[in-house]
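Everything on this sheet refers to the single structure shown next.
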Amino acid sequence: MSDPATPSATETAPNGARDPRAERSLGAQERYVRQTIFAGIGREGQDRIGRARALIVGCGATGSVLANSLARSGVGHLRIADRDYVEGNNLQRQVLYDEEDVRRGLPKAVAAAQRLRAINGAITIEPRVTDVTAENVEELLESVDIVLDGTDNFETRYLLNDACLKARIPWIYSGVIAAYGVTMTVLPGETACLRCIFPERPLPGTTPTCDTAGVLNGIVGVIASMAATEALKLFVGSDRLVRGLTWVDLWENTFERIELPRQPDCPACGLGEYEYLDAPIDESGTSLCGRNAVQVRPPRGAHASLDLAELADRLRPVGETVGNGFLLRLRVDGYEVTIFPDARAIIKGTDDTAVARSIYAKYVGM
Ligand SMILES: [Zn+2]
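Residue numbering for the sequence shown follows the working numbering, beginning at 151 and increasing consecutively.
Below, the structure is given as structure tokens:
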């Protein structure tokens, strides 16, 4: 076991360069002592954690707990991708956010990065305010050691499954609803992937959502904490990784672990067909889980980055506009239209993608 009294050698950034933020922060020795004296990690394991790079996709309920755990554990580089902004009903379970974030209407990735930097100034936090799509997922996966699922939808999970198998990057599926949740680590070429177990993506509306079933914050903490711990095991090279799917129901007091073999004829990990990664982008808009809101993406090819100040000038005569430097919000015709610099918009006040697209065309006009 490591001697916790031994002074830390140096405070360096994960890439080895001296990081001025580390000068101000706690010494690594002091900060991580409860991990380094844990036999499964030790000083060497902690060094590996410090060099690790993780992508967290979605920073809502599970993503918040994942990011919080990994930042406090000292994971050297956290890339956090989220498409949404903070709202009041998030605070019940999305532990990185507070009332001030709601008042400012910050994008979740931005608010998360601010909080995580205050928690651990010695690691790198890379916020990405973006939807994760077949077009950008491979770029987001670049140079990461693991991908953690903090999403609330199967569209993104099937895309992550394909992209991670293709790039041979481990990923951890996590899903929670009501008082139950599941998590499963996918080790490409070794363990079953998402499509070995559920060959086809469930159709929208066929699975319970947080809109119809609610979600308790306790199960979020349990499932995301299990996933974050699996990530640490992976970083330190532990042989204790869970192989199989874990199912927990906190209301019914059940805990099950289901061993699942790989399927040789699995289209993704067996045959190497990545149909969700290769699929054309659906341009009809995406209805967001439990939100009475639709996300509209700009037409393909129109990769303009918007000048939000200019757009605000143009929209001011139309309705009430508020900006915060990260997004622009327009209230018009009973809708709340939130426009991001990447020309995406979230239109609140409808679940109808056609209605949302017409509002988008009218006011954003891409
Ligand atoms: Zn498979």
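Glycine is no exception: its CB is placed at the ideal position from the N, C-alpha and C atoms.
Treat the numbers as computed from the prediction; the structure is a model and nothing was measured.
Helix, strand or coil: which one does DSSP assign to glutamate 423? Position 273 of the sequence shown, counting from 1, holds the residue named residue 423. Reduced to three states, the DSSP call for glutamate 423 is coil.
Please classify aspartate 295: does DSSP put it in a helix, a strand, or coil? Numbered from its first residue, the sequence shown carries residue 295 at position 145. Coil at aspartate 295, not helix or strand.
Would you mind giving the Cβ-Cβ distance between isoleucine 496 and alanine 443, rounded to the nearest angstrom? I have them listed as a contact below 8 angstroms. By 1-based counting over the sequence shown, the position of residue 496 is 346. By 1-based counting over the sequence shown, the position of residue 443 is 293. The Cβ separation is near 5 angstroms, so the contact holds.
Can a CB atom of chain B be found closer than 8 angstroms to the CB of alanine 284? Given the protein chain composition of this structure (a single chain), no chain B is represented.
Whole angstroms is fine: what's the gap from valine 472's alpha carbon to leucine 478's? As a working note, residue 472 is residue 322 in the sequence shown. As a working note, residue 478 is residue 328 in the sequence shown. Roughly 6 angstroms between the two C-alpha positions.
Considering only heavy atoms of ligand 1, does any lie closer than 7 angstroms to the CB of glycine 339? Within the sequence shown, numbered from 1, the residue matching residue 339 stands at position 189. Not so, every heavy atom of ligand 1 lies at least 7 angstroms from the Cβ.
In angstroms with no decimal places, state the Cα-to-Cα distance between arginine 201 and arginine 193. Looking up residue 201 in the sequence shown gives position 51. Looking up residue 193 in the sequence shown gives position 43. Going by the C-alpha atoms only, they are around 13 angstroms apart.
Closer than 7 angstroms to a non-hydrogen atom of ligand 1 - does that hold for the CB of alanine 313? Here residue 313 is taken as the residue at index 163 of the sequence shown, counted from 1. Result no, Cβ not under 7 angstroms from ligand 1.
Use the C-beta contact count for isoleucine 408: other C-beta atoms within 10 angstroms, 16 or more gives buried, fewer gives exposed. What you label residue 408 is simply residue 258 of the sequence shown in a count that begins at 1. Flag for isoleucine 408 reads exposed.
With a cut-off of 8 angstroms, do at least 3 Cβ pairs link the segment 220-232 to the segment 313-320? Touching, no, given that fewer than three Cβ pairs across the two stretches are closer than 8 angstroms.
Please report the distance separating the alpha-carbon of alanine 211 from that of glutamate 285. Sequence index remark: in the sequence shown, residue 211 carries index 61 (1-based). Sequence index remark: in the sequence shown, residue 285 carries index 135 (1-based). Rounded to whole angstroms, alanine 211 to glutamate 285 spans 25 angstroms at the Cα level.
Could you say if the segment 360-371 and the segment 418-433 meet the contact criterion of at least three C-beta pairs nearer than 8 angstroms? no
Where DSSP assigns a beta bridge to methionine 376, which residues make up the other side? To locate residue 376, count along the sequence shown from 1; it is residue 226. Per DSSP, none; premise fails for methionine 376.
So, are the CB atoms of leucine 391 and leucine 384 less than 8 angstroms apart? Here residue 391 is taken as the residue at index 241 of the sequence shown, counted from 1. Here residue 384 is taken as the residue at index 234 of the sequence shown, counted from 1. Yes, they are a contact pair.
Quick check on the burial criterion: 16 or more other C-beta atoms within 10 angstroms. Buried or exposed for lysine 512? As a first step, residue 512 must be located in the sequence shown, where it is residue number 362. Looking at its Cβ environment, which holds fewer than 16 other Cβ atoms inside 10 Å, lysine 512 is exposed.
What I want to know is whether the C-beta of arginine 412 ends up closer than 7 angstroms to one or more non-hydrogen atoms of ligand 3. Among the ligands in the structure shown, ligand 3 does not appear; only ligand 1 can be found there.
Measure the alpha-carbon distance for aspartate 501 versus tyrosine 510 and round it to whole angstroms. For the purposes of this step, residue 501 is taken as residue 351 along the sequence shown, with counting starting at 1. For the purposes of this step, residue 510 is taken as residue 360 along the sequence shown, with counting starting at 1. Their backbone Cα atoms lie some 14 angstroms apart in a straight line.
Considering only their Cβ atoms, is the gap separating arginine 278 from leucine 290 smaller than 8 angstroms? In the sequence shown, counting from the first residue as 1, residue 290 sits at position 140. In the sequence shown, counting from the first residue as 1, residue 278 sits at position 128. Contact flag set, yes.
Can you tell which of Ala459, Gln445, Leu344, Val365 has the C-alpha that lies nearest to the C-alpha of glutamine 413? As a position in the sequence shown, residue 413 is number 263, starting the count at 1. Checked all of Ala459, Gln445, Leu344, Val365; the closest Cα to glutamine 413 is Leu344.
Assumed close pair valine 252, leucine 241 - CB separation to whole angstroms, cut-off 8 angstroms: Here residue 252 refers to the residue found at position 102 when the sequence shown is read from its first residue. Here residue 241 refers to the residue found at position 91 when the sequence shown is read from its first residue. The beta-carbon separation of valine 252 and leucine 241, rounded to 7 angstroms, stays under the 8 angstroms limit for a contact.
Under the criterion of a Cβ to heavy atom distance below 7 angstroms, does arginine 393 qualify as lining ligand 1? On the sequence shown, position 243 is the one that residue 393 refers to. Taken from the Cβ of arginine 393, every heavy atom of ligand 1 lies 7 angstroms or farther away.
Boundaries (first-last residue) of the alpha helix (DSSP H) holding leucine 309: Numbered from its first residue, the sequence shown carries residue 309 at position 159. Note, leucine 309: alpha helix (DSSP H), 304-317.
Report the start-end ranges of each alpha helix (DSSP H) in the segment 180-266 that is 4 residues or longer and not cut off at the edges. 183-186, 192-201, 211-223, 249-254
With a cut-off of 8 angstroms on the beta carbons, I'd call glycine 208 and glycine 300 a contact; round off their distance for me. Position 58 of the sequence shown, counted from the first residue, corresponds to residue 208. Position 150 of the sequence shown, counted from the first residue, corresponds to residue 300. That pair is a contact at about 4 angstroms.
If alanine 262 and serine 214 are in contact, beta carbons under 8 angstroms, what's the gap, nearest whole angstrom? Reading the sequence shown from its first residue, position 112 is the one you call residue 262. Reading the sequence shown from its first residue, position 64 is the one you call residue 214. Confirmed, about 7 angstroms.
Does the beta carbon of arginine 345 fall short of 7 angstroms from some heavy atom of ligand 1? One-based indexing of the sequence shown puts residue 345 at position 195. For ligand 1, at least one heavy atom lies less than 7 angstroms from the Cβ of arginine 345.
Give a single yes or no on whether glycine 420 has its beta carbon closer than 7 angstroms to a heavy atom of ligand 1. Taking the sequence shown and counting its residues from 1, one reaches residue 420 at position 270. The answer is yes for glycine 420.
Quick check: is any heavy atom of ligand 1 less than 7 angstroms from the C-beta of alanine 342? By 1-based counting over the sequence shown, the position of residue 342 is 192. Yes, ligand 1 has a heavy atom inside 7 angstroms of this Cβ.
At a cut-off of 7 angstroms, is leucine 209 close to ligand 1 when judged by its beta-carbon and the heavy atoms of the ligand? Locating residue 209 in the sequence shown gives position 59, counting from the first residue. Per the sequence shown, the amino acid found at residue 209 is cysteine instead of leucine. Cysteine 209 Cβ: outside cutoff for every heavy atom of ligand 1.
Between Ala178, Leu310, Ala329, which lies nearest to arginine 198 when the distance is taken from Cα to Cα? As a position in the sequence shown, residue 198 is number 48, starting the count at 1. Looking at the Cα atoms, Ala178 is the closest of the given residues.
May I have the straight-line CA-CA distance separating glutamate 470 from glycine 255, to the nearest angstrom? The sequence position of residue 470 within the sequence shown is 320, counting from 1. The sequence position of residue 255 within the sequence shown is 105, counting from 1. One Cα belongs to glutamate 470, the other to glycine 255, and the distance between them is close to 15 angstroms.
Spatially closest choice to glycine 435 from Thr503, Trp397, Ile347, by CA coordinates: The residue you call residue 435 lines up with position 285 of the sequence shown. Checked all of Thr503, Trp397, Ile347; the closest Cα to glycine 435 is Thr503.
Residues bridged to aspartate 399 [DSSP beta-bridge criterion]: Indexing the sequence shown from 1 puts residue 399 at position 249. Aspartate 399 is bridged to Tyr330, Thr404.
Would you mind giving the Cβ-Cβ distance between proline 320 and leucine 309, rounded to the nearest angstrom? I have them listed as a contact below 8 angstroms. Locating residue 320 in the sequence shown gives position 170, where the first residue counts as 1. Locating residue 309 in the sequence shown gives position 159, where the first residue counts as 1. Not quite, the Cβ-Cβ distance comes to about 16 angstroms (not below 8 angstroms), so this is no contact.
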